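Residue numbers (this note's numbering): 23 to 278.
No residue lacks a Cβ here, since even glycine has one placed at the ideal position from N, Cα and C.
This one's a predicted model, so the numbers in the text were calculated from it and none came from an experiment.
Below: one structure, written as structure tokens.
Shown next as structure tokens:
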């Protein structure tokens with residue numbers, strides 16, 4: 023179910039990770055700062071009396087999507103777009119845009135077909151993780167299973183396919199959790215995250231250029247690794263925290 027990769031040459035220099043004590047102290051300081059900030063922004067009175075001053079933050083309820091009329095004033099108009107580079111997985115397009123103030127600017131955008139990621143949980147409360155060498159980082163990473171969408175492929179079908187190809191598990195149930203924009207500053211890639219349960223072994227079939235080891239890890243250990251800063255992969259961080267949040271919301275509060 024797994025294959026190993028042989029690495030040649032010397033390993034690149036990798037910055038050392040902060041110690042657990044350093045991370046714990048940093049989190050404590052961050053929480054203290056958040057507490058101070060919350061106190062500084064406490065508002066006694068009618069929020070409707072707060073008026074927006076240009077360039078200054080405004081206290082308001084969370085507004086998403088296209089429900090905020092102010093967002094129109096932030097839009098950029100695309101004047102032209104051409105493919106600057108074509109790759110096997112994604113393209114890079116060069117866009118000329120008109121800014122809200124009328125000036126022109128260039129934007130380089132990675133056009134990606136999208137992907138899925140799967141939080142796969144066993145009945146024993148373990149999460150399925152894959153270990154693979156990431157050339158861009160120059161090291162092996164620990165991630166939840168994931169893969170690119172084929173043209174026209176339904177994300178749910180892709181989630182079932184990628185889970186089995188990478189790990190050998192077939193999911194009896196596959197539930198949609200959320201969608202994340204991986205790097206909104208320069209890429210249009212969206213990753214759709216699913217939770218897979220009722221797992222059974224069906225045999226793996228990774229791509230010819232995929233060399234993967236598969237682990238089953240306690241969810242609590244993964245969450246701890248995320249909070250300690252030892253897991254860097256964004257989809258895995260989000261998947262672990264979603265597991266933690268869901269488990270807390272499903273657990274009835276203790277009385278007493």
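Contact between residue 204 and residue 256 holds: CB atoms are separated by about 6 Å, below the 8 Å threshold. Distance from the CA of residue 227 to the CA of residue 249, rounded to the nearest whole angstrom, comes to 32 Å.
Relative to the Cα of residue 103, the nearest Cα in the group 93, 174 and 133 belongs to 133. Excluding its 5 nearest sequence neighbours in each direction, residue 107 has C-beta neighbours in its own chain below 6 Å: 114, listed in chain order.
Counting only runs that start and end inside the stretch 146-186, there is no alpha helix (DSSP H) element of at least 4 residues. With a contact defined as Cβ atoms closer than 8 Å, residue 120 and residue 238 miss out at about 52 Å. Beta-carbon to beta-carbon, residue 137 and residue 187 are separated by about 13 Å, too far to satisfy the 8 Å threshold. Exclusion of the five residues before and after residue 170 leaves 111, 135 and 137 as the residues of its chain whose Cβ lies within less than 7 Å of its Cβ. The three-state reading of DSSP puts residue 267 in helix, counting H, G and I together. For residue 118, DSSP records a beta bridge to 102 and 128. Residue pairing by DSSP places residue 139 opposite 168 and 215 in a beta bridge. DSSP links residue 240 through a beta bridge to 148. Its chain contains 113 and 115 as the residues whose beta carbon lies nearer than 6 Å to that of residue 105, once the 5 sequence neighbours on both sides are disregarded; these appear in chain order.
Nearest to residue 178 by alpha-carbon distance, out of 218, 259, 148 and 162, is 218.
Here the alpha carbons of residue 202 and residue 95 stand approximately 25 Å from one another. Counting of Cβ neighbours within 10 angstroms places residue 198 among the exposed residues, the total staying below 16. Each residue's CA atom was taken as its position, placing residue 81 and residue 251 some 31 Å apart.
In this structure, residue 140 sits away from residue 84, with a CB-CB distance that is not shorter than 8 Å.
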